[in-house]
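Visitor: For what it's worth, numbering that gives the first Met the number 0 labels the leading residue of the sequence shown as 0, then goes sequentially. Glycine is no exception: its CB is placed at the ideal position from the N, C-alpha and C atoms. I have a structure I would like to understand better, so I am pasting it below and will then ask my questions one at a time.
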Amino acid sequence: MNLSKIQSKEIMPGYHGKLVHGNAISWAFWNVEKDAIVPEHRHIHEQIMHVVEGEFEFTLNGDTKVYYPGDVVVIPSNIPHSGRALTSCKLMDVFSPVREEYK
């Protein structure tokens, strides 16, 4: 498998993802448009977010910070979180269990 061969999906406005699914995890490679927002939500999945490029404002359980390339955020299951791309961004997310709705 090669990422260049995976079709990108716009999962929510401004969030274009290439998604890879295993038996217990989903791995998302996002190209995010400047000013795109992820509204506050929570899910059963554990999530780890990695900022590859750009500046991303992220709120986890009411605590807002700006994250830069190389930063990693661990998001526990069922904790409210939201985000906003301050610039165009490239992000990677890993989810466990699989995000079935992203298939």
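Rank V37, L90 and H42 by C-alpha distance to the C-alpha of E133 and give the top, closest one.
Guide: The chain is shown only over 0 to 102; residue 133 falls outside these bounds and no answer can be derived.
Visitor: Name the one or two DSSP bridge partners that S89 has.
Guide: Rather than Ser, the amino acid found at residue 89 in this sequence is Lys. Partner(s): N30 and E52.
Visitor: Once the 5 residues before and after I5 are set aside, which same chain residues still bring their CB inside 6 Å of it?
Guide: Correct list, in chain order: K17.
Visitor: Check whether the Cβ atoms of H44 and F94 sit closer than 7 Å, and answer yes or no.
Guide: Yes, the Cβ-Cβ distance between H44 and F94 is below 7 Å.
Visitor: L90 and W29: beta carbons closer than 7 Å?
Guide: In this structure, W29 lies closer than 7 Å to L90 by Cβ.
Visitor: Please go through the same chain and pick out, in chain order, the residues whose beta-carbon is closer than 6 Å to the beta-carbon of I36, but skip the five residues on each side of it.
Guide: The answer, listed in chain order, is R83.
Visitor: Using the three-state DSSP reduction, which class does Y67 fall into: helix, strand or coil?
Guide: DSSP places Y67 in coil when its eight states are reduced to three.
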